[in-house]
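There are 2 protein chains.
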Amino acid sequence: MEVTSNKQVILRDYVTGFPKESDMQLVTAATTELKLPEGSNGVLVKNLYLSCDPYMRGRMTKREPGSYVGCFVPGSPITGYGVAKVLESGDPKFKEGDFVWGMTGWEEYSLITATQALFKIHDIDVPLSYYTGILGMPGITAYAGFHEVCSPKKGETVFVSAASGAVGQLVGQFAKLLGCCVVGSAGSKEKVDLLRNKFGFDEAFNYKEEPNLDAALKRYFPEGIDIYFENVGGKMLDAVLLNMRMNGRIAICGMISQYNLEQTEGVHNLMSLISKQVRMQGFVAFSYYHLYGKFLETVLPAIKEGKIIYVEDVVEGLESAPGALAGLFAGRNVGKQVVLVSRD
Amino acid sequence: MEVTSNKQVILRDYVTGFPKESDMQLVTAATTELKLPEGSNGVLVKNLYLSCDPYMRGRMTKREPGSYVGCFVPGSPITGYGVAKVLESGDPKFKEGDFVWGMTGWEEYSLITATQALFKIHDIDVPLSYYTGILGMPGITAYAGFHEVCSPKKGETVFVSAASGAVGQLVGQFAKLLGCCVVGSAGSKEKVDLLRNKFGFDEAFNYKEEPNLDAALKRYFPEGIDIYFENVGGKMLDAVLLNMRMNGRIAICGMISQYNLEQTEGVHNLMSLISKQVRMQGFVAFSYYHLYGKFLETVLPAIKEGKIIYVEDVVEGLESAPGALAGLFAGRNVGKQVVLVSRD
Numbered sequence: 001m002e003v004t005s006n007k008q009v010i011l012r013d014y015v016t017g018f019p020k021e022s023d024m025q026l027v028t029a030a031t032t033e034l035k036l037p038e039g040s041n042g043v044l045v046k047n048l049y050l051s052c053d054p055y056m057r058g059r060m061t062k063r064e065p066g067s068y069v070g071c072f073v074p075g076s077p078i079t080g081y082g083v084a085k086v087l088e089s090g091d092p093k094f095k096e097g098d099f100v101w102g103m104t105g106w107e108e109y110s111l112i113t114a115t116q117a118l119f120k121i122h123d124i125d126v127p128l129s130y131y132t133g134i135l136g137m138p139g140i141t142a143y144a145g146f147h148e149v150c151s152p153k154k155g156e157t158v159f160v161s162a163a164s165g166a167v168g169q170l171v172g173q174f175a176k177l178l179g180c181c182v183v184g185s186a187g188s189k190e191k192v193d194l195l196r197n198k199f200g201f202d203e204a205f206n207y208k209e210e211p212n213l214d215a216a217l218k219r220y221f222p223e224g225i226d227i228y229f230e231n232v233g234g235k236m237l238d239a240v241l242l243n244m245r246m247n248g249r250i251a252i253c254g255m256i257s258q259y260n261l262e263q264t265e266g267v268h269n270l271m272s273l274i275s276k277q278v279r280m281q282g283f284v285a286f287s288y289y290h291l292y293g294k295f296l297e298t299v300l301p302a303i304k305e306g307k308i309i310y311v312e313d314v315v316e317g318l319e320s321a322p323g324a325l326a327g328l329f330a331g332r333n334v335g336k337q338v339v340l341v342s343r344d
Numbered sequence: 001m002e003v004t005s006n007k008q009v010i011l012r013d014y015v016t017g018f019p020k021e022s023d024m025q026l027v028t029a030a031t032t033e034l035k036l037p038e039g040s041n042g043v044l045v046k047n048l049y050l051s052c053d054p055y056m057r058g059r060m061t062k063r064e065p066g067s068y069v070g071c072f073v074p075g076s077p078i079t080g081y082g083v084a085k086v087l088e089s090g091d092p093k094f095k096e097g098d099f100v101w102g103m104t105g106w107e108e109y110s111l112i113t114a115t116q117a118l119f120k121i122h123d124i125d126v127p128l129s130y131y132t133g134i135l136g137m138p139g140i141t142a143y144a145g146f147h148e149v150c151s152p153k154k155g156e157t158v159f160v161s162a163a164s165g166a167v168g169q170l171v172g173q174f175a176k177l178l179g180c181c182v183v184g185s186a187g188s189k190e191k192v193d194l195l196r197n198k199f200g201f202d203e204a205f206n207y208k209e210e211p212n213l214d215a216a217l218k219r220y221f222p223e224g225i226d227i228y229f230e231n232v233g234g235k236m237l238d239a240v241l242l243n244m245r246m247n248g249r250i251a252i253c254g255m256i257s258q259y260n261l262e263q264t265e266g267v268h269n270l271m272s273l274i275s276k277q278v279r280m281q282g283f284v285a286f287s288y289y290h291l292y293g294k295f296l297e298t299v300l301p302a303i304k305e306g307k308i309i310y311v312e313d314v315v316e317g318l319e320s321a322p323g324a325l326a327g328l329f330a331g332r333n334v335g336k337q338v339v340l341v342s343r344d
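Residue numbers (UniProt numbering), protein chains in the order written: chain A, 1 to 344; chain B, 1 to 344.
Below, the structure is given as structure tokens:
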């Protein structure tokens with residue numbers, strides 16, 4: 001197959017503060033021929049769904065080398081997780097027509113050379129877009145973060161912040177399936193309703209309407225919190241620290257409230273970790289990819305049986321991608337933010 | 001034995017800011033007879049050594065009930081760890097003449113009813129005062145905090161703050177015995193010399209002479225820190241967070257730099273926990289007292305063979321106790337701060 005033009009979303013320049021739609025730009029790269037170079041071990045793919053994830057904010061900032069993910073290159077297409085169809089393959093693990101998920105480019109067509117970071121999609125009996133979320137990186141993040149990092153036990157109290165997001169909605173449902181008591185926080189009435197009515201959280205609250213987060217947590221957790229799944233950082237973390245129970249665990253998945261600040265907020269209540277003997281642990285999904293097979297065996301049937309529900313916020317077209325990514329940091333998405341590039 | 005007067009150190013009132021010697025007062029309680037009440041299961045002891053420990057600062061502040069140790073009662077004697085001789089026992093586990101260590105009062109004689117928190121001293125072939133330190137609570141703190149909480153491995157890099165203190169000097173030596181590379185920080189040249197020359201730390205520095213703690217840590221740990229044994233908190237923790245290695249561990253034993261502040265300092269670099277997948281865990285020695293037997297089997301021979309050295313700062317007389325305890329928070333002690341009340 002010969003491709004002679006390729007729409008792309010490029011990052012104009014490194015970003016400070018909240019990312020704006022105008023920090024990105026849709027361009028059309030003219031190319032005489034987009035095909036797999038002779039002898040290449042890579043794959044040429046057509047991108048179907050692109051994933052907007054909070055960690056991408058870090059890649060928009062110029063940083064020292066050595067960070068666990070490199071920064072974007074201004075003037076070049078943004079890269080991120082996505083679902084794609086293989087058009088041409090130089091890697092024997094993939095063949096034309098295969099669906100894959102993994103790191104790809106924000107463009108119509110990508111030439112992926114790092115094929116070791118691609119997963120072949122075997123089950124297409126679920127929405128393909130799920131492989132950007134529940135069946136992709138956010139899914140493993142929720143699964144490993146909750147089951148491996150939090151060491152949860154039935155009956156424990158669990159608090160999830162950014163609870164309607166790509167990861168939070170799953171953590172809450174995993175916790176409910178285990179028999180935990182789960183409370184979530186989110187930033188709008190619509191999201192709080194989702195938590196209560198769709199995802200089965202025991203309780204949920206809108207953090208923007210709580211003048212005192214400590215008091216809110218004491219209301220929902222009169223006996224304290226056994227497990228906190230941390231997605232936001234800052235003031236919420238400080239309030240949680242005052243409400244942890246003895247031997248509690250905090251899995252730090254992300255701190256989205258801090259990503260756009262010039263200077264991160266100071267966290268003042270770390271001394272609570274001592275008396276309550278709390279374990280606080282940062283993690284990245286990447287370290288748990290070896291559990292992906294086991295994860296699929298658990299989650300795929302649960303999706304098909306309706307035991308786990310996943311809510312996506314899908315925008316159509318590459319031209320909508322800059323707005324969708326910027327919106328993620330303003331909390332505009334309801335559920336997992338996905339960009340549909342092409343249905344097939 | 002009949003005792004008719006009892007010198008005591010009382011806390012005058014709850015303390016704000018740095019404790020001063022004048023926050024405490026030496027009084028002589030007149031008593032017609034200090035003896036074990038009829039039918040008591042407690043023990044009457046003569047106190048020999050009293051321990052000045054950083055955690056005592058928290059007990060000088062009026063706090064909500066539910067804290068893991070209660071506050072002191074203004075007008076009543078301070079309580080704390082100590083070594084004592086049993087004068088009279090209503091508990092079959094102890095008899096007259098036994099030496100014990102555990103929670104006692106800051107006074108010449110104490111009637112201890114909570115005998116379950118007393119340990120009988122079997123080996124008196126070492127200085128009795130050691131049972132306030134290396135062979136007592138600080139010893140178990142260092143042992144459990146390092147071996148159980150930090151999951152150390154030979155060859156790893158270890159950083160210890162407040163490293164010449166009761167706990168820090170032991171952590172450094174335990175780490176050296178395991179084959180780790182150990183750097184310590186302390187607050188004076190004398191202490192730094194101790195770390196280097198007496199305790200066998202690979203390197204040591206005076207944090208007060210480092211305008212940039214991050215730069216200091218980068219100098220001593222060009223490859224980063226695998227294990228941080230946290231005794232101080234605040235700015236040091238913030239600098240350490242920037243220098244942790246992948247899968248690093250931080251055992252939070254205490255945060256002495258924060259205990260006397262009206263408002264604790266904010267810690268800004270917690271996001272580093274995520275990308276480096278660091279585990280940070282608070283702990284208290286009390287949860288590891290079941291390891292005391294095993295601990296003694298390891299540490300007693302090491303002391304006798306000179307493989308572990310312990311430095312104490314001993315002041316004589318109950319009247320010196322208020323100054324010694326206040327001095328602890330100003331860093332005036334060099335080594336474990338002990339008050340000798342009576343030699344036998």
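Positions of the beta carbon are idealized from the N, C-alpha and C atoms, including for glycine. These numbers were taken from a predicted model, which means no experiment stands behind them.
Contacts around residue i, its chain only, beta-carbon distance under 8 Å, and the 5 residues preceding and following it disregarded
i, result
"B:LEU340", "LEU48, TYR49, SER129, VAL314, VAL315, GLU316, GLY317"
"B:LYS20", "ALA326"
"B:LYS154", "LEU178, GLY179, CYS180"
For residue i, three-class secondary structure by DSSP
i, result
"A:GLY75", "coil"
"B:ILE112", "strand"
"A:THR298", "helix"
"A:LEU26", "strand"
"A:TYR292", "helix"
"B:ILE309", "coil"
"B:LYS93", "coil"
"B:CYS10", "Note on residue identity: the sequence assigns Ile, not Cys, to residue 10 of chain B. In this structure, B:ILE10 counts as strand in the three-state DSSP scheme."
"B:GLU21", "helix"
"A:GLU107", "strand"
"B:VAL267", "strand"
"B:SER5", "strand"
"B:THR31", "coil"
"B:GLY323", "helix"
"B:ILE124", "coil"
"A:ALA330", "helix"
"B:SER164", "coil"
"B:SER40", "coil"
"A:MET255", "coil"
"A:ASN197", "helix"
"A:LYS153", "coil"
Residue i - partner residues in DSSP beta bridges
i, result
"B:ALA84", "B:ASN47, B:VAL100"
"A:LEU340", "A:TYR49, A:GLU316"
"B:VAL182", "B:VAL158"
"A:LEU118", "A:GLY102"
"B:ASN206", "B:ALA186"
"A:ARG249", "A:ILE227, A:ARG279"
"B:MET244", "B:ILE225"
Sequence-distant residues of its chain with Cβ nearer than 7 Å to residue i (five each side left out)
i, result
"B:LEU254", "Just to set this straight, residue 254 of chain B is Gly in the shown sequence, not Leu. Around B:GLY254: PRO54, TYR55, ASN231."
"A:VAL86", "VAL43, VAL45, PHE94, LYS95, GLU96, GLY97, ASP98, VAL100"
"B:GLY187", "ASN206, TYR207, LYS208, GLY331"
Bounding residues of the alpha helix (DSSP H) (the contiguous stretch that carries residue i)
i, result
"B:ILE274", "272-275"
"B:ILE140", "137-143"
"B:MET56", "56-59"
"A:LYS218", "213-220"
Same chain, Cβ closer than 6 Å to residue i, five either side skipped, listed in chain order
i, result
"A:VAL267", "LEU237, ASP238"
"A:VAL182", "VAL158, GLY172, ALA175, LYS176, PHE201, ASP202"
"A:GLU88", "LEU36, LEU44"
"A:GLY17", "ASN260"
"B:GLY335", "VAL311, GLU312, ASP313"
"A:SER5", "THR28, ALA30"
"B:GLY105", "PRO77, THR79"
"B:ASN247", "GLN277"
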